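Structure record follows, encoded as structure tokens.
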Amino acid sequence: MKNMTDFITQLPKAELHLHLEGSLEPELMLKLAQRNKLSLPYDDIAAIKAAYEFGNLQDFLDIYYQGANVLQTEQDFFDLTWGYLLRCKEQGVVHTEPCFDPQTHTDRGIPFQVVINGISSALKQAQTQLGISSYLILSFLRHLPEEAAFETLEMALPYRDQFIAVGLDSSEMGHPPEKFQRVFAKARAEGFKAVAHAGEEGPPEYVWSTLDLLNVDRIDHGVRAYEDAELMQRLIDEQVPLTVCPLSNTRLKVFTDMADHTILKMLEQGVMVTVNSDDPAYFGGYVAENYQALYESLEMTPAQLQQLAINSIKASFLPQDTKNSIILQIESV
Ligand SMILES: [Zn+2]
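Residue 35 is where the sequence shown starts when you use my numbering, and the numbers rise one by one after that.
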């Protein structure tokens, strides 16, 4: 048996839950701040790294939005996305469906086209130079009103060929799925696919209403579905993909310890679970480190890790024939 890290790297994988803003490494934050002549409340890399050692969700959000402020030009968004894609290449990610939060940028005066053009050109370059395919997801911030999401969607429609789906992220509690029912219906009518965060900090009821009212193709996180047997049966029957993020879950204390994580039980019961990194610069690892953590803490077997990679391809928005050929490659690793 070869080294497990090599085995994980060699598995062709898709990543389906990744916030581009959450892949901003301290080094790039400092570089962009200097390039844009912005002052940061941190003196050096060590101070930024120390701030990344947040203790709770609010501290995380504070440093996350502070980080986003250094993103100003199309080149900045290109560099952010390209840095992430190089990690994908190192780790055997052959296809990625990252999301971005336009409102985090447009609300501080950065034009929408600056954001999406920078991201899109990096994604295109990755296809030709790195052999990594991708579809982009446009996420609405759920702590803001639905009206603001409608405005964002309107703003994005002229760029419709540059993203495939809409999503919903940021603080879940107090912002139930029904708040965004109309804007998701509109996005659906425009031909977009849909995903949404649900059942991370929010209860299983939020997963039910995300499925019923937002008509999503996938649930981001969804780990709290495990508390509801009827919901689990529905996820199994309908093979609804869950984009689970193990290191994020332990970092934000959704599970106290990785050994308590329910992803293996869900996998064994037949739920379409996948492994993803969420905000890897902040949560201690990219997708391969997440697979590695499951291997170490839950003693997942190579066959189970292989199944997770197969699930990531099945749960993607790739065409069926492409899925079939990648799955054959996974089975031969
Ligand atoms: Zn997320």
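All C-beta atoms, glycine included, are put in the ideal place defined by N, C-alpha and C. All figures in this text were calculated on a predicted structure; none of them were measured in a lab.
Mind the definition here: the segment 87-101 touches the segment 128-136 only if three or more C-beta pairs lie below 8 Å; say whether that holds.
Judged by Cβ distances under 8 Å, the segment 87-101 makes no contact with the segment 128-136, as fewer than three pairs qualify.
What would DSSP say about H129, mapped onto helix, strand or coil?
DSSP places H129 in strand when its eight states are reduced to three.
Please state whether the Cβ-Cβ distance between S282 and S243 is less than 9 Å.
For S282 and S243, no; Cβs fall outside 9 Å.
Please report how far the alpha carbon of Y169 lies from the alpha carbon of A160, in whole angstroms.
Cα to Cα, Y169 sits roughly 12 Å from A160.
Tell me whether M35 is buried or exposed, calling it buried when 16 or more other Cβ atoms sit within 10 Å of its Cβ.
Low local confidence applies: a pLDDT of 43 at M35 is under 50, so the model's placement there is unreliable, and no value is given.
Pick out the complete alpha helix (DSSP H) segments inside the segment 243-327, 4 residues or longer, and give them in chain order.
With a minimum length of 4 residues, the continuous alpha helix (DSSP H) runs that stay inside the segment 243-327 are 263-272, 280-285, 297-303 and 314-317.
From Q137 to V148, what distance separates their C-alpha atoms?
Distance between the alpha carbons of Q137 and V148: 13 Å.
Determine contact between the segment 299-309 and the segment 66-79, defined as no fewer than three beta-carbon pairs at a distance below 8 Å.
Output reads no: the segment 66-79 does not touch the segment 299-309.
Could you pull out every residue in the same chain whose Cβ sits closer than 7 Å to the Cβ of P60, ignoring the five residues on either side in sequence?
Excluding residues within five positions, the ones whose Cβ falls inside 7 Å are I79, I82, K83 and Y86.
Would you list the residues sitting across from V229 in a DSSP beta bridge?
R252.
With a threshold of 8 Å, establish whether the CB of H177 neighbours any heavy atom of ligand 1.
Result no, Cβ not under 8 Å from ligand 1.
Going by the beta-carbon positions, is the gap between L178 and S155 smaller than 9 Å?
No, they are not a contact pair.
Report whether the distance from the Cβ of H129 to the nearest heavy atom of ligand 1 is below 8 Å.
Every heavy atom of ligand 1 is 8 Å or more from the Cβ of H129, so no.
Report yes if the C-beta distance between S366 and T308 is below 9 Å; otherwise report no.
No, these two residues do not count as a Cβ contact at 9 Å.
If we count Cβ pairs, one from each stretch, closer than 8 Å, do we get three or more for the segment 251-267 versus the segment 227-243?
With a cut-off of 8 Å, the segment 227-243 and the segment 251-267 count as touching, because enough Cβ pairs lie within range.
Between which two residues does the beta strand (DSSP E) holding L172 run?
First-last of the beta strand (DSSP E) with L172: I171 to L175.
Q125: which of D40, E180, E235 and N358 sits nearest, CA to CA?
That would be D40, whose Cα lies nearest to the Cα of Q125.
Would you identify the three-state DSSP class for L105, choosing helix, strand or coil?
Correct three-state label for L105: coil.
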